[in-house]
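Novice: Here's a structure for you.
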Amino acid sequence: MPAFTVVFLVALALMSATRLWLAARQIRHVARHRNAVPAQFAEAITLDMHQKAADYTIARTRLAMLEVPVQAALLIALTLFGGLNWINQAWLGVFGPGYAYAVALIASVIVISSVVELPFSLYAQFVVEERFGFNRMTWKLWAVDLIKGILIGTVLGLPLLLAVLWLMDKMGAHWWLYTWIVWMAFMLFVQAIYPNVIAPLYNKFTPLQDEEMRTRIESLLKRCGFASKGLFVMDGSRRSAHGNAYFSGFGATKRIVFFDTLLERLNASEMEAVLAHELGHFKRHHVTKRIAVTFVLSLGALALLGWLMTRTWFYLGLGVAPNLGADNHALPLMLFFLVLPVFTFFVSPLASLSSRKDEYEADAFAAEHADAKQLVSALVKLFQDNASTLTPDPVYSTFYYSHPTASQRVARLVQAGA
1 MPAFTVVFLV
11 ALALMSATRL
21 WLAARQIRHV
31 ARHRNAVPAQ
41 FAEAITLDMH
51 QKAADYTIAR
61 TRLAMLEVPV
71 QAALLIALTL
81 FGGLNWINQA
91 WLGVFGPGYA
101 YAVALIASVI
111 VISSVVELPF
121 SLYAQFVVEE
131 RFGFNRMTWK
141 LWAVDLIKGI
151 LIGTVLGLPL
161 LLAVLWLMDK
171 MGAHWWLYTW
181 IVWMAFMLFV
191 QAIYPNVIAP
201 LYNKFTPLQD
211 EEMRTRIESL
221 LKRCGFASKG
231 LFVMDGSRRS
241 AHGNAYFSGF
251 GATKRIVFFD
261 TLLERLNASE
271 MEAVLAHELG
281 HFKRHHVTKR
291 IAVTFVLSLG
301 ALALLGWLMT
311 RTWFYLGLGV
321 APNLGADNHA
331 LPLMLFFLVL
341 PVFTFFVSPL
351 ASLSSRKDEY
361 EADAFAAEHA
371 DAKQLVSALV
381 KLFQDNASTL
391 TPDPVYSTFY
401 YSHPTASQRV
411 ARLVQAGA
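The structure is reproduced here in structure tokens:
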């Protein structure tokens with residue numbers, strides 16, 4: 001057995017075992033604390049609400065556990081069991097080397113992966129979310145969203161893919177540097193057009209009508225020195241009862257968006273505090289930092305791919321016949337991004353840690369520029385409405401959570417004067 005095959009199998013086994021172990025810890029911990037509301041939330045959260053959140057968390061975690069062996073089996077089937085090699089040879093036989101073959105190969109793997117994941121996403125949406133009262137999506141809307149996603153992915157993704165394949169073919173050993181430049185430009189382009197072009201294809205956005213709330217928010221924006229293209233309400237209730245608020249775009253395209261479900265639950269003071277938190281991400285340059293990190297990591301990943309695609313052991317170790325002298329750039333591209341998550345899984349907690357640090361800073365900014373007590377009140381309502389467990393397993397939350405736990409955030413805000 002090739003050495004890289006052993007490395008790959010060990011990494012895949014460790015990743016899968018760790019995911020299952022963490023999920024089992026989460027289920028046990030949440031179930032163990034199901035019958036008692038944490039003291040700091042006892043006045044705001046009833047036992048029924050707490051138990052609903054626990055049951056919801058357990059249901060979603062159990063579903064995620066079922067996905068682990070399926071995802072591992074699919075990856076092994078595509079690599080060591082020859083699936084990708086067979087698809088590659090089949091399309092080469094149909095089209096011969098060239099762009100048509102490359103697009104067909106990559107599209108085939110994407111379709112196969114999507115079909116395998118489909119039962120889990122449908123069960124999550126139409127069974128789990130429905131059972132706990134969150135699903136508002138119809139089958140018709142789901143189908144329309146799917147078609148839109150395919151069309152948007154094709155319109156945006158196909159030109160990018162063809163550009164990358166052309167660069168791999170024409171730019172020699174340093175193709176990955178030119179590809180990185182194109183990829184970064186593409187990311188910025190999508191961010192720029194998302195608020196006004198892509199998002200309206202899925203949701204309706206209307207200007208915020210509540211005068212009291214608009215006045216408070218505009219005053220907050222002025223205090224924080226934030227220029228926006230407008231305050232909008234999104235009809236998120238078409239799909240889910242979950243609520244959220246966010247700002248998107250950059251430069252002249254920045255806009256602030258509130259889910260209509262959020263406006264139904266929070267008063268003007270609470271909304272001001274929530275928005276102050278979101279503004280904290282902007283004023284503390286979290287968005288810029290994340291984009292910069294993405295730029296650096298993307299450059300490293302593409303440089304690594306540029307090196308690996310010239311190594312025979314990379315292909316043989318993953319069950320694929322190398323053909324280094326032919327126009328087969330789609331093969332290493334697909335193979336690399338299939339197996340990359342296996343080797344990056346154990347560094348993902350670093351991203352979670354950085355994200356939680358940013359959330360604390362955004363909370364501190366909100367406490368400084370709005371009412372910290374109102375932010376606590378809003379957070380409690382959000383945890384309540386979204387059925388977010390108040391008692392996650394510490395190891396699980398440290399590994400996965402991009403936000404501090406409810407108790408951690410509230411405790412920090414209380415220290416800030418809430």
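First residue of the sequence shown? That's 1 in UniProt numbering, and the numbers climb one at a time after it.
Beta carbons are placed, not taken as given, at the ideal position from N, Cα and C, and that holds for glycine.
The structure presented is a predicted model; accordingly, all values stated were derived computationally and were not measured.
Roughly how many whole angstroms lie between the Cα atoms of T294 and L350?
Specialist: About 14 Å.
Novice: Could you pull the start and end residues of the alpha helix (DSSP H) that V233 belongs to?
Specialist: Where V233 is concerned, there is no enclosing alpha helix (DSSP H), although the beta strand (DSSP E) it sits in stretches over 231-234.
Novice: Taking the straight line between their C-alpha atoms, what separation do you get for L20 and A13?
Specialist: Going from the Cα of L20 to the Cα of A13 covers about 11 Å.
Novice: If you check the beta carbons only, do A245 and L220 fall under 8 Å apart?
Specialist: No, the Cβ-Cβ distance between A245 and L220 is not below 8 Å.
Novice: Within the same chain, show all residues whose beta-carbon is closer than 8 Å to that of Q40, passing over the 5 residues directly before and after it, in chain order.
Specialist: For Q40, where only same-chain residues beyond five positions count, the Cβ hits under 8 Å are S407, V410, A411.
Novice: Taking its Cβ as the centre, do 16 or more other Cβ atoms sit within 10 Å of H277, making it buried, or is it exposed?
Specialist: Label assigned to H277: buried.
Novice: Count the other CB atoms within 10 Å of the CB of D358; is the residue buried (16 or more) or exposed (fewer)?
Specialist: Classification of D358: buried, given that the 10 Å Cβ count is 16 or more.
Novice: Name, in chain order, the residues that DSSP records as bridge partners for V257.
Specialist: Bridge partners of V257: F232, Y246.
Novice: Output needed for N135: all residues of its chain with C-beta closer than 7 Å, excluding positions within five of it in sequence on either side, in chain order.
Specialist: Around N135: Q125, F126, E129, S240.
Novice: When you compare the region 19-33 with the region 75-90, are there three or more beta-carbon pairs, one atom per stretch, that lie closer than 8 Å?
Specialist: No, the region 19-33 does not touch the region 75-90.
Novice: With burial defined as no fewer than 16 other Cβ atoms inside 10 Å of the residue's Cβ, what is the status of G230: buried or exposed?
Specialist: Result: exposed.
Novice: Does the distance from the CB of T391 to the CB of H29 come in under 8 Å?
Specialist: In this structure, H29 lies closer than 8 Å to T391 by Cβ.
Novice: Got a sec? Which residues, its chain only, sit under 8 Å from T46 by beta carbon, not counting five neighbours each side?
Specialist: Cβ neighbours of T46 beyond the five flanking positions: V37.
Novice: What is the rounded straight-line gap between the Cα of T398 and the Cα of I27?
Specialist: About 15 Å.
Novice: Could you spell out the range, first to last residue, of the alpha helix (DSSP H) harbouring T154?
Specialist: Unbroken alpha helix (DSSP H) run through T154: 139-170.
Novice: Got a sec? Which residues, its chain only, sit under 7 Å from L160 by beta carbon, not counting five neighbours each side?
Specialist: Within the same chain, L160 has close Cβ partners F186.
Novice: Between which residues of its own chain and I217 is the CB-CB distance below 8 Å, once the five residues before and five after are set aside?
Specialist: Cβ neighbours of I217 beyond the five flanking positions: L208, L231, I256, M271, E272, L275.
Novice: Alpha carbons only, please: which of G98, Y400, T215, D393 is nearest the one belonging to A268?
Specialist: Minimum Cα distance to A268 is reached at T215.
Novice: Measure the CB-CB distance between L141 and R238 and report whether it falls below 8 Å.
Specialist: Cβ distance < 8 Å, so L141 and R238 count as in contact.
Novice: Shorter than 7 Å, the distance from the beta carbon of N88 to the closest heavy atom of the ligand GTP, or not?
Specialist: Ligands in the displayed structure: none, and consequently the ligand GTP is not present.
Novice: Near Y56, which residues of its chain fall below 7 Å by C-beta distance, leaving aside the five closest residues on each side in sequence?
Specialist: Only F132, A387 meet the Cβ criterion.
Novice: Does the region 103-121 come close enough to the region 185-204 to have 3 or more Cβ pairs within less than 8 Å?
Specialist: The region 103-121, when compared against the region 185-204, does not touch it at the 8 Å Cβ threshold.
Novice: Does the beta-carbon of I110 have 16 or more other beta-carbons within 10 angstroms, so that it is buried, or is it exposed?
Specialist: Exposed, because fewer than 16 other Cβ atoms sit within 10 Å of the Cβ of I110.
Novice: Under the three-state reduction of DSSP, which class applies to S402: helix, strand or coil?
Specialist: Three-state DSSP puts S402 in coil, outside helix and strand.
Novice: Would you please state the rounded distance, in angstroms, between the beta carbons of D363 and L353? I believe it to be under 8 Å.
Specialist: In fact, because the Cβ distance is near 16 Å, the residues do not count as touching under 8 Å.
Novice: Taking all protein chains shown into account, do 16 or more other C-beta atoms lie within 10 angstroms of the C-beta of V115, making it buried, or fewer, making it exposed?
Specialist: V115 is exposed by the Cβ-count criterion.
Novice: At which residues does the alpha helix (DSSP H) containing F189 begin and terminate?
Specialist: From DSSP, the alpha helix (DSSP H) with F189 extends over 175-193.
Novice: Looking at the unbroken beta strand (DSSP E) that takes in F295, where does it start and where does it end?
Specialist: Taken as a continuous stretch (DSSP letters only), F295 belongs to no beta strand (DSSP E), being part of the alpha helix (DSSP H) at 286-308.
Novice: State yes or no: is the C-beta of F314 within less than 8 Å of the C-beta of F4?
Specialist: The answer is yes: Cβ separation under 8 Å.
Novice: Using three-state DSSP, classify S240 as helix, strand or coil.
Specialist: Here S240 sits in strand by DSSP.
Novice: Rounding to the nearest angstrom, what Cα-Cα distance links G236 and D385 in this structure?
Specialist: Going by the C-alpha atoms only, they are around 14 Å apart.
Novice: Can you tell me whether W176 is buried or exposed? The criterion is at least 16 other CB atoms within 10 Å of its CB, across all chains shown.
Specialist: The residue is buried, with at least 16 neighbouring Cβ atoms inside 10 Å.
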